[in-house]
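**Q**
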Amino acid sequence: MGSSAEGGPSAVFDWFFEAACPASLQEDPLILRQFPPDFRDQEAMQMVPKFCFPFDVEREPPSPAVQHFTFALTDLAGNRRFGFCRLRAGAQSCLCVLSQLPWFEVFYKLLNTVGDLLAQDQ
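For the sequence shown, position 101 (counting from the first letter as 1) is numbered 101 according to full-length UniProt numbering, and the numbering increases by one without interruption.
Take a look at the structure:
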């Protein structure tokens, strides 16, 4: 399954970001870092980080293990964008890649590499 956009996507991914776990359900996750730095899709910036913490942050204890998950966004024209997430052990933050390409293995490897580098303060 590829992108439904004519001619394929213009980039491998649209947006990479790290979101901090919110303290409550009423708060939105804070974006700690992002690439590209000039990403300005306001709809995605407001909606997508909320998918990074798919549990009740006030009631559910954070998992002691790293977790991976995916979500798909479909617009009215049927175009899809996939979110690939890596939730840190202890759920302090979540790394996410938003892409039109359903490259599960590639993006999970990328997120693991970035997560390992961030854990080493690199």
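By construction, the Cβ of each residue, glycine as well, lies at the ideal position given by its N, Cα and C atoms.
For the beta strand (DSSP E) containing Ala20, list its first residue and its last residue.
**A** Unbroken beta strand (DSSP E) run through Ala20: Trp15 to Ala20.
**Q** What does the Cβ neighbour count give for Gly115, buried or exposed, with the cut at 16 atoms within 10 Å?
**A** By the neighbour-count rule (16 or more Cβ atoms within 10 Å), Gly115 is buried.
**Q** Suppose only complete runs of 3+ residues qualify. What are the beta strand (DSSP E) ranges in the region 8-66, listed by chain order?
**A** For the region 8-66, whole beta strand (DSSP E) runs of length 3 or above, ordered along the chain, are 15-20 and 30-35.
**Q** Can you grab the Cα-Cα spacing for the pair Val66 / Glu27, in whole Å?
**A** The straight-line gap from Cα to Cα measures roughly 23 Å.
**Q** In three-state terms, what does DSSP make of Ala119?
**A** DSSP places Ala119 in helix when its eight states are reduced to three.
**Q** By Cβ distance below 6 Å, which residues in the same chain neighbour Leu111 in space, the five residues on each side in sequence not counted?
**A** Counting only Cβ-Cβ distances below 6 Å, and skipping sequence neighbours, we find Arg86 and Leu95.
**Q** If you run the structure through DSSP and keep just helix, strand and coil, what is Leu111?
**A** Residue state, collapsed to three classes: helix.
**Q** Note down the Cα distance separating Phe13 from Pro36, rounded to an integer number of angstroms.
**A** Their Cα atoms are separated by approximately 10 Å.
**Q** How would you write the range of the beta strand (DSSP E) that Leu95 sits in, first residue to last?
**A** Residues Ser93 to Ser99.
**Q** Can you give me the C-alpha to C-alpha distance between Ile31 and Ala77, rounded to a whole angstrom?
**A** Near 28 Å, if we compare the C-alpha coordinates of Ala77 and Ile31.
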